[in-house]
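Numbering (the UniProt record's numbering), first residue to last: 1 to 637.
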């Protein structure tokens, strides 16, 4: 008779899974109070590393005997059915109802089927944090790709480490060192001036979270945790530590912004260690936190967390208008949550659990016995499968092979440079014309007084004209406009108002990139010139970069156009622009946000970019602010 391994199911870990998945859902709903909800993925990673390594490790004083086939088949049973079902069904939904996403979904779906979607997104420069086009509804599968890649390699690596170094203490130190190296690599790869998606998606830069879980499994082995009662003092220490660590972790999920540089230069490593502390405490039999997290509603969510994580993102993306993604509405959120939990329950009961318990063969064996002539005798599961699976397969193939065409979208330019220098001789030519119109001096004494009178009137009229402010297009010698994709939208309207304007616009341009671009236009840094900056749409920026931008044109009049963008950084960007305009006399704020708030019809589906009417209104607003500044400057003189 085989001796049973001393293992037990820790229900408190289901509660942790529930917290992690709810945090991620709250983040994807774009709730203001869940800015750091994406940290739920970090908790998932650490927990996965801990549980998988605990499963792989042999009992004390036993050699490492690993059945790789059994392990990988077990992982496939657990992960593949639900994820493949989600990919196929979501793709079919896109083919039928969201064909504008079809061209994007083809590549994303293939990459997700082979669990390499994180690298697919990296190589195609798909941002995790911001996108003004419709996001891919399966973008959340990047994290499952990392886990599957880890499951493929880690058993081999762990076996080799134990075989070579023998002692667990040595192996644990090497694993922790590996985690440190991965964290260091993240900090080296991180660009504080750009989008952090590369280091966020990368298996190489995120593996430290999984390795922290693996390290914990060696230093705090689940199989050796004693159920014996602790002394009151130790129990109190355990409980205070566990509750304190969880509270800090939750605070991080509520407050840390995804663009915070702290995260990528060691912050996520600290979050992983904090998660490890919480997991270690929950796994101890004497932990009060484990009892709290075993609350039935949390356990229900936790046991279905895989399906909930899979389905929440496509449901949110495909049922929310693009311009309302950043503005969650209660009624829609409630309906989406009902759909998420309902589909996750169906997946759990009829797909995940049967295959996990009985395997693929037993599951699909039922469908081989289907006889169309005995349709009424079939159970619900077989009926649905027999009708649904072939239909999904046909539509999936049609969408993948191009039989069903995606909506052809008009290709817009991603960059625009218009350079039309004002002729510096133009004012001189006008002066010559004025001189030629001045009557020649006549020696006739009779006509002299009349000429003097006319000359006096002309001088007076000229003085009156000089006192009146000229329109901006005539007042400024040169006008330069530097911006991002919004500037591309507005460029034609600006050209109509300022025919000789120079425009340099590019999709995705950040403030720090604009600093480099502006170096080419330092000749515009002269009195009598105007500079328009239309930046901040693509994310927050460092104060020093805005300072550098303004300092490059210290002699010219600068107009900062603030943002109307339904993203988390909108308020911070607009605040920084306002503060700069308040402290610099030659800087004026163009309040596009205020105007845009009152005119939603100006914007396209993403709530950011504008059509013809919006572009004309923004150009008019810029011209108005210029004229107001010119008039105010003349009055001061």
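For every residue, glycine included, the Cβ atom is placed at its ideal position computed from N, Cα and C.
Per DSSP, cross-strand counterpart(s) of residue i
i           : result
residue 557 : 530
residue 480 : 502, 531
residue 416 : 505
residue 603 : 610
Beta-carbon proximity check, residue i vs residue j, cutoff 7 Å
i           : j           : result
residue 657 : residue 179 : In this structure the chain extends from 1 to 637, so residue 657 is not present and cannot be described.
residue 351 : residue 76  : no
residue 19  : residue 137 : no
residue 24  : residue 37  : yes
residue 216 : residue 50  : yes
residue 503 : residue 479 : no
residue 511 : residue 546 : yes
residue 250 : residue 286 : no
residue 517 : residue 558 : no
residue 146 : residue 203 : yes
residue 610 : residue 484 : no
residue 519 : residue 555 : no
residue 573 : residue 603 : no
residue 122 : residue 198 : yes
residue 242 : residue 289 : yes
residue 214 : residue 175 : yes
residue 314 : residue 90  : yes
residue 264 : residue 163 : no
residue 505 : residue 560 : no
residue 257 : residue 35  : yes
residue 39  : residue 252 : yes
residue 212 : residue 276 : yes
residue 66  : residue 155 : yes
residue 508 : residue 477 : no
residue 225 : residue 284 : yes
residue 482 : residue 530 : no
Nearest neighbour of residue i, chosen from the options [CA to CA]
i           : options            : result
residue 595 : 182, 157, 614      : 614
residue 310 : 598, 86, 210       : 86
residue 649 : 401, 483, 609, 540 : Any answer about residue 649 is impossible in this case: the structure gives the chain only from 1 up to 637.
residue 711 : 308, 273, 58       : There is no way to answer for residue 711, as the model of the chain reaches only from 1 to 637.
residue 259 : 115, 248, 193, 417 : 193
residue 274 : 244, 289, 257, 296 : 244
residue 30  : 569, 617, 593      : 569
residue 497 : 314, 618, 416, 185 : 618
residue 74  : 40, 357, 185       : 357
residue 268 : 523, 210, 600, 135 : 210
residue 638 : 550, 84, 159       : No answer is possible for residue 638: the residues shown for the chain start at 1 and end at 637.
residue 608 : 622, 620, 621, 593 : 593
residue 88  : 532, 575, 399      : 399
residue 575 : 542, 598, 599      : 542
residue 491 : 612, 549, 101      : 612
residue 181 : 266, 126, 111, 522 : 266
Own chain partners of residue i with C-beta closer than 6 Å, once the 5 adjacent residues on each side are dropped
i           : result
residue 395 : 92, 95
residue 627 : 472
residue 486 : 534, 537
residue 418 : 503
residue 239 : 288
residue 475 : 630
residue 436 : Low per-residue confidence applies at residue 436: pLDDT is 39, beneath 50, and the placement is therefore not dependable enough to give any value.
residue 140 : 313
Chain-order list of residues whose beta-carbon lies under 7 Å from that of residue i (same chain, five-residue window excluded)
i           : result
residue 327 : 566
residue 33  : 254
residue 298 : 14, 15, 18
residue 441 : Low confidence applies here, because residue 441 scores a pLDDT of 39, under 50, leaving its location unreliable; read the following figure in that light. For residue 441, where only same-chain residues beyond five positions count, there are no Cβ hits under 7 Å.
residue 201 : 118, 121, 122, 128, 142
residue 591 : 562
residue 246 : 278, 289
Neighbourhood of residue i by C-beta distance below 8 Å, restricted to the same chain and skipping five residues each side
i           : result
residue 16  : 43, 47, 278, 279, 282, 293, 302
residue 308 : 21, 25, 301, 340, 341, 344
residue 578 : 562, 589
residue 321 : 605
residue 659 : In the structure displayed, the chain extends from 1 to 637; residue 659 sits before or after that span and is not available.
residue 262 : 256
residue 431 : In this prediction, residue 431 scores a pLDDT of 38, lower than 50, which makes its location untrustworthy; the coordinate-derived value is nonetheless stated afterwards. Nothing meets the Cβ criterion.
request  = Pick out the complete alpha helix (DSSP H) segments inside the region 536-599, 4 residues or longer, and give them in chain order.
outcome  = 543-551, 570-583, 592-597
key: Unbroken stretches of the beta strand (DSSP E), 3 residues or longer, contained in the region 213-259   = none
Those runs of the alpha helix (DSSP H) which lie wholly inside the region 70-147 and span at least 4 residues = 102-113, 117-123
message = Threshold first: 3 residues or longer. Then list the beta strand (DSSP E) segments lying entirely within the region 251-301, N to C.
response = none
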